[in-house]
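Written below as structure tokens is the structure these notes are about.
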Amino acid sequence: MEDSVNVERVLDIIKRNVWSIISSMILVGVLAALITYFVMTPKYEAETQMLVSSPGDSVIVDFENIETNLQLIHTYRDIMLSKTILEDVITNLELSQTVEELSKQITVTNQDQSQVLSIVATDPSAQEAERISNEVAVVFKERIVEIMYVDNLSIYAPADVPADAEPVTPKPLINIAIGLVAGLILGLIWAFSKAYFDKSVKNEVDVYNVLGLPVVGSIAKFED
């Protein structure tokens with residue numbers, strides 16, 4: 020019986036505040052849309068892929084060399100984002116960013132047990148992202164010979180961002196959906212907070228909740 024009353028109480032609170040909850044959803048959803056389209060800066064991605072291979076022209080699969088290359092990849096990732104490489108990239112492309120700012124625009128990844136390094140650059144300009152990604156690969160390929168005395172890198176998939184590329188961020192639909200959910204949660208919090216602090220008796224359910232007594236009868240309201 021108590022569980023039934025509690026469910027009825029919850030449903031009654033939602034029913035009495037349904038328009039306030041809906042208004043909260045719409046308001047926050049519209050706010051999320053406005054921020055997405057007019058405040059957030061669209062950003063594009065460009066990806067260049069490099070292959071870490073065995074030196075020489077041998078076509079024989081050397082598993083020992085492959086294992087060594089896989090271990091080197093972690094070192095390559097650190098060097099690629101180092102000041103030595105990024106300073107050359109900034110100079111070559113005449114960028115206005117600092118080394119720290121540029122490093123935040125670049126992500127270097129590779130799949131497990133893969134000899135492929137992916138260099139992903141993010142920028143408000145698709146063309147600039149493409150230039151940065153490709154230049155990092157070119158500079159790294161040249162400088163790694165001097166730094167580690169190895170020449171086992173090749174650029175096999177340069178970045179090529181199409182003219183009609185879509186930005187990777189922001190995601191309007193996702194942001195608006197998050198806004199609607201946030202608005203729903205805020206509306207429910209407001210409705211239940213209002214009900215919790217409102218001690219007035221408005222209906223039979225409130226009488227039972229306050230006094231713990233069943234309602235025997237009620238008097239209808241007559242209009243003059």
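In case it helps, the working numbering puts the sequence shown at residues 20 to 243.
Even glycine gets a Cβ: it sits at the ideal position worked out from N, Cα and C.
To the nearest angstrom, how far is the alpha carbon of residue 34 from that of residue 233?
For this step, residue 34 is matched to residue 15 along the sequence shown. For this step, residue 233 is matched to residue 214 along the sequence shown. Distance between the alpha carbons of residue 34 and residue 233 is about 22 Å.
Could you check the C-alpha separation between residue 142 and residue 203 for me, to the nearest Å?
Position 123 of the sequence shown, counted from the first residue, corresponds to residue 142. Position 184 of the sequence shown, counted from the first residue, corresponds to residue 203. Residue 142 and residue 203: Cα-Cα distance of roughly 34 Å.
Just how far apart, CA to CA, sit residue 145 and residue 65?
Against the sequence shown, residue 145 aligns to sequence position 126. Against the sequence shown, residue 65 aligns to sequence position 46. So the alpha carbons of these two residues sit roughly 7 Å apart.
Rounded Cβ spacing between residue 121 and residue 105 (contact assumed at less than 8 Å)
Residue 121 sits at position 102 when you count from the first residue of the sequence shown. Residue 105 sits at position 86 when you count from the first residue of the sequence shown. Going by Cβ atoms, the distance from residue 121 to residue 105 rounds to 5 Å, so yes, they are a contact pair.
Whose C-alpha, out of 213, 91, 211 and 205, is nearest the C-alpha of residue 46?
The sequence position of residue 46 within the sequence shown is 27, counting from 1. Among 213, 91, 211 and 205, the Cα nearest to that of residue 46 belongs to 205.
Alpha carbon to alpha carbon, how far is residue 101 from residue 48?
In the sequence shown, the residue the question calls residue 101 occupies position 82. In the sequence shown, the residue the question calls residue 48 occupies position 29. The straight-line gap from Cα to Cα measures roughly 41 Å.
In three-state terms, what does DSSP make of residue 69?
Taking the first residue of the sequence shown as position 1, residue 69 is located at position 50. Here residue 69 sits in strand by DSSP.
Looking at residue 63: is its Cβ nearer than 8 Å to the Cβ of residue 180?
To locate residue 63, count along the sequence shown from 1; it is residue 44. To locate residue 180, count along the sequence shown from 1; it is residue 161. A contact, by the Cβ cut-off of 8 Å.
7 Å CB neighbourhood of residue 32 in its chain, flanking five on each side removed:
Position 13 of the sequence shown, counted from the first residue, corresponds to residue 32. Cβ neighbours of residue 32 beyond the five flanking positions: 210, 211 and 214.
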